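2 protein chains.
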Amino acid sequence: MSEVAEVLTGEAILVATEEVLRRYGPAKATVVDVAKALGVSHGSVYRHFPTKAALREAVTRRWLDVVHAEFEAIVEQEGTAAERLRVWLQALFDKKRRSHLEEPELFENFQVLVKESASIPEYHVRHMVGILTRIIRAGVETQEFVTDDVDVTAQAVWDATDKFHHPSHAREWGNPHIQAEFDAVVSLVVAGLRYNRSPSATGDA
Amino acid sequence: MSEVAEVLTGEAILVATEEVLRRYGPAKATVVDVAKALGVSHGSVYRHFPTKAALREAVTRRWLDVVHAEFEAIVEQEGTAAERLRVWLQALFDKKRRSHLEEPELFENFQVLVKESASIPEYHVRHMVGILTRIIRAGVETQEFVTDDVDVTAQAVWDATDKFHHPSHAREWGNPHIQAEFDAVVSLVVAGLRYNRSPSATGDA
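Sequences listed follow chains E and W, in order. Just so we're aligned, residue 0 is where the first sequence starts under numbering that gives the first Met the number 0, counting upward by one. Just so we're aligned, residue 0 is where the second sequence starts under numbering that gives the first Met the number 0, counting upward by one.
1. Measure from the C-beta of residue 90(W) to each C-beta in chain E and report whether the shortest distance is under 8 Å.
2. At a cut of 8 Å, does the segment 155-173 of chain E reach the segment 88-107 of chain E through at least three beta carbon pairs?
3. Among the residues of its own chain, which have a CB less than 7 Å from the CB of residue 83(W), if the five just before and after it don't count?
4. Just to confirm, are residue 50(E) and residue 112(E) a CB contact at a threshold of 8 Å?
5. Scan the segment 86-138 of chain E and note each continuous alpha helix (DSSP H) run of 4 residues or more that stays entirely inside, going in chain order.
6. Shorter than 8 Å from the beta carbon of residue 159(W) to some beta carbon of chain E?
7. Can you give me, in chain order, the residues of the segment 18-40 of chain W that have a beta carbon less than 7 Å from any beta carbon in chain E?
8. How many Å lie between residue 194(E) and residue 180(W) at the Cα?
9. Compare the Cα-Cα distances from residue 209(E) to each of 108(E), 10(E) and 37(E) and report the closest residue.
10. Excluding the 5 residues flanking residue 64(W) on each side, which residues of the same chain have their C-beta closer than 8 Å to its C-beta?
11. Can you list, in chain order, the residues of the segment 174-191 of chain W whose Cβ is nearer than 7 Å to any Cβ on chain E?
12. When you check each C-beta in the segment 52-69 of chain W against every C-beta of chain E, which residues fall closer than 8 Å?
13. Could you tell me the alpha carbon to alpha carbon distance between residue 90(E) and residue 27(E), rounded to whole angstroms?
14. Output the boundary residues of the alpha helix (DSSP H) element that contains residue 56(W).
15. If you reduce the DSSP assignment to three classes, tell me which class residue 142(E) lands in.
16. Could you tell me the distance, in whole angstroms, from the CA atom of residue 10(W) to the CA atom of residue 23(W)?
17. Count the other CB atoms within 10 Å of the CB of residue 160(E); is the residue buried (16 or more) or exposed (fewer)?
18. Can you give me the C-alpha to C-alpha distance between residue 218(E) and residue 88(E), rounded to a whole angstrom?
19. For residue 137(W), return the contacting residues in chain E, with the cut-off set at a CB-CB distance below 7 Å.
20. In chain order, what residues of the same chain have a beta carbon less than 7 Å from the beta carbon of residue 125(E), not counting five sequence neighbours either side?
21. Find the residues of chain E that neighbour residue 152(W), judging by a C-beta separation of less than 8 Å, and give them in chain order.
22. Is there a Cβ of chain W sitting closer than 8 Å to that of residue 167(E), yes or no?
23. Going by beta-carbon coordinates alone, are residue 192(W) and residue 129(W) separated by less than 8 Å?
24. List the residues of chain E that residue 194(W) touches, going by C-beta distances under 8 Å, in chain order.
25. Compile a chain-ordered list of the residues in the segment 103-131 of chain W whose CB is closer than 8 Å to at least one CB of chain E.
26. Would you report the Cα separation of residue 190(W) and residue 145(W), rounded to the nearest angstrom?
27. Please return the same chain residues whose Cβ sits closer than 6 Å to the Cβ of residue 153(E), not counting the five positions on each side in sequence.
28. Just confirm the distance between the C-beta atoms of residue 29(E) and residue 54(E), as a whole number of angstroms; I'd bet it's less than 8 Å.
29. Quick one: which chain A residues come within Cβ less than 8 Å of residue 155(W)?
30. Below 6 Å CB to CB, which residues in the same chain sit around residue 37(E) once its five sequence neighbours on both sides are set aside?
31. Looking at chain W, is there any beta carbon in it that lies within less than 8 Å of the beta carbon of residue 94(E)?
32. Among residues of its own chain, excluding the 5 on either side of residue 34(E), which ones have a beta-carbon nearer than 7 Å to its beta-carbon?
33. In chain order, what residues of the same chain have a beta carbon less than 7 Å from the beta carbon of residue 57(E), not counting five sequence neighbours either side?
34. Residue 162(W): buried (16+ other C-beta within 10 angstroms of its C-beta) or exposed?
35. What do you reckon, are the CB atoms on residue 184(E) and residue 155(W) nearer than 8 Å?
Put into structure tokens, the structure is as follows:
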């Protein structure tokens, strides 16, 4: 067993932990379960991850990084900035909705893990808004979109569409009108991106 | 006591029930508490409201009607449609945020009551979106706004701003950047209202 422990990598622990979390759920999964799955002592796991919380956070970040890579790839599509934005937001909505409706337990388990550390939701939102920033900046460069602050506007697009990606709205995603509501919000947002000035520039209250 | 019961009105029962709900909370309040507060038998209460659920739903609707009247009144302000929309959305956000931050227990209790019947959230949203429809229609009439479907667009404005009024986002309302995020979303929405065409009309995907 000491031979196995010597070649134990952080990556192998993360893979085993993800599997243990899937099997037992976040409420029941323990470091001992992870060690058992790997055939090592729990001390070997703690040499790589000082606490159970650190191990779980590492698993969640690793899983989110896969999601981020997937949504980075969608940006590389052909089309106008408006088309790419719509495809990107639709892909996000579809992924979340499918996960919630088809694998509700797994969806719920990931929500529990994401909320365990305050830094994780922030890490995820910063990354996703960063992708939106790039789509919007490309649209400004081709004069398709107008905005005087790409970062602020990207956050506004994220916030304005949160009914279709924020997990607290998951129960609404089975609603028969939800796709029509998504289309209407995205149309409004895209129209806004074509004509967005700061409140002071347009004389709004 | 039978003399009191004879003059007992539905309105008096609703006032007493609201007071009982405030004092004991929705989890503990009973019809017997309401009857005691009025000095009548619980049978007298049931003659007006056939079930505890019916009584609670009537109290919640009565309370929401007061809120609706308040937000009807805000529509009658001076200004452009964009200014009136901004003032209205800000008033809604301020009311919800203040309620959540300053009276968290009362806020929580109202959420419990609102969610008890599926028809209540729908009743509230339909009313609030109806007010938005009137603001947007006025803007279309003065050619300040452009949209080919006022009802769909009003629902989209409601959905796009839900981070700032949907109770599931209440925990975010104490965030120091929340007012800036609200301003950015409302600016984007107002810009969208000035240039909103259906996807087919603009050639969006």
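Here a beta-carbon is modelled for each residue, glycine too, at the ideal position from N, C-alpha and C. All values derive from a computational prediction rather than experimental measurement.
In short:
1. no
2. yes
3. 74, 76 and 134
4. no
5. 103-115
6. yes
7. none
8. 18 Å
9. Here chain E has residues from 0 to 204 only, and residue 209(E) is not among them.
10. none
11. 180, 182, 183, 184, 186, 187, 188, 189, 190 and 191
12. none
13. 32 Å
14. 51-74
15. coil
16. 20 Å
17. buried
18. Chain E is shown only over 0 to 204; residue 218(E) falls outside these bounds and no answer can be derived.
19. The premise fails here: residue 137(W) is roughly 16 Å from chain E at the closest Cβ pair, so nothing lies under 7 Å.
20. none
21. 183 and 187
22. yes
23. no
24. 190, 191, 193 and 194
25. none
26. 10 Å
27. 128, 131, 132 and 135
28. In fact, because the Cβ distance is near 10 Å, the residues do not count as touching under 8 Å.
29. The chain labelled as chain A is not found among the protein chains of the depicted structure, namely E and W.
30. 15
31. no
32. 40, 41, 43 and 44
33. 13 and 48
34. buried
35. yes
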